[in-house]
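The structure under discussion appears below in the form of structure tokens.
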Amino acid sequence: MADTPGWPGWCRRCPNTPQGLGQVADKLQAELGRGNAQVILSCLEFIAPFPHEAVQILSERGMNRVVVLPYLLGNGKHATVEMYEMLDDIRAQTPSVELVLAEGLGADQRLAGLVVDRIRDLGERAPYPGQGKKVGVLLVKAGTRTQFDDCLWLAELGEMVEGQLGEGYAVDVAQSHYGDPTMEAATARLIEGQGVSSLICAPYIFFPGLILTRNVLGTMEKLQEEYPAIPMTVAPPLGVDDRLISVAADRIRQVWARSG
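Residue numbers (this note's numbering): 133 to 392.
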């Protein structure tokens, strides 16, 4: 892994989380149209306004129905247990507002295409299949304890990514930490089981941050030490992309369609 220690070179072009989420909110507003919706960015922690504050702001603007979109890639604790608890609390605080929970982003061919493009973004640094040997792709999401996310959606997404990459690539999926499937086990399946000759780690993460540097890159360094004969590299995270916005907008429109 030539770019370690520290950040890979591509990280200098990545937005941080507050900047990136602000861009997402602006793009989602444009996608939905100001005549159809008012989009307000809210985070469960660290970045204000928090959900109860955001709902209060919308209520003061005359909104009596609010669609809550979990802008989350997985179905872990944030998207399930914490989301349900949060909505119950907000309903008690703001009973005049109807809250409707949209589905998260989930597995989608558009998002698989985004992962493929991030792999292609590596350019000359990306290994290519050759001499009958496949390139392994390790698709890694942020970690969630196994009891909160069975990762079936991630396995489905991995199949989509492999299908779009085509012959010569083998894809396996993992979590950055906490639960199964682990990066170590998925890497062993690719190298020892499928016999790949090189490995690309594709972080299924929005923005660079602690999970990417500590968990993903940290584990990749250890894996490179364990398999010194296998060249390994790490693709950029997802960042801000119109395909993410398109999927998010579709999740909201699905709620609108159900409500008539």
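From the three backbone atoms N, C-alpha and C, an ideal C-beta is built for every residue, glycine too.
Contact under 9 Å by Cβ, residue i with residue j
i      : j      : result
Gly295 : Ala244 : yes
Ile332 : Val305 : no
Arg383 : Leu237 : yes
Leu231 : Val200 : yes
Gln161 : Met195 : no
Leu233 : Leu219 : yes
Leu270 : Leu322 : yes
Gly268 : Ala302 : yes
Pro368 : Asp282 : no
Where residue i falls, given that 16 or more other Cβ within 10 Å makes a residue buried
i      : result
Arg250 : buried
Ile222 : buried
Gly300 : exposed
Leu355 : buried
Gly138 : The pLDDT assigned to Gly138 is 44, lower than 50, so where the model puts this residue is not dependable; a value taken from the coordinates is nonetheless given after this. Answer is exposed; the Cβ neighbour count stays below 16.
Tyr203 : buried
Ala134 : With a pLDDT of 45 at Ala134, under the threshold of 50, the modelled position of this residue cannot be trusted; read the value that follows with caution. Answer is exposed; the Cβ neighbour count stays below 16.
Val198 : buried
Ala381 : buried
Val187 : buried
Ser391 : exposed
Leu284 : exposed
Expected contact under 8 Å - CB spacing of residue i and residue j to nearest Å
i      : j      : result
Ile337 : Leu376 : Between Leu376 and Ile337 the Cβ distance is about 12 Å, and since that is not below 8 Å, they are no contact.
Ser329 : Lys265 : 4 Å
Ala239 : Met292 : 7 Å
Val272 : Gln307 : 7 Å
Cys175 : Pro340 : Between Pro340 and Cys175 the Cβ distance is about 17 Å, and since that is not below 8 Å, they are no contact.
Asn347 : Gly290 : That belief does not hold up - the Cβ atoms of Asn347 and Gly290 are roughly 19 Å apart, past 8 Å.
Proximity to residue i [Cα-Cα], best of the options
i      : options                           : result
Asn148 : Gln263, Leu173, Leu342 and Trp285 : Leu342
Gln155 : Asn168, Arg242 and Asp373         : Asp373
Glu357 : Arg390, Thr319 and Val379         : Thr319
Gln151 : Asn168, Ile179 and Gly167         : Ile179
His184 : Leu153, Gly167 and Val229         : Val229
Thr226 : Ile189, Met315, Glu353 and Glu324 : Ile189
Val387 : Ala157, Glu214, Val213 and Glu235 : Glu235
Beta-ladder partner(s) of residue i, from DSSP
i      : result
Gly268 : Ala302 and Leu331
Gly255 : The partner list for Gly255 (beta bridge, DSSP) is empty, contrary to what the question assumes.
Thr226 : Note: Thr226 sits in no beta bridge, so no partner.
Met215 : None; Met215 has no bridge partner.
Thr365 : Ile332
Val232 : Val199
Gln307 : Lys273 and Thr314
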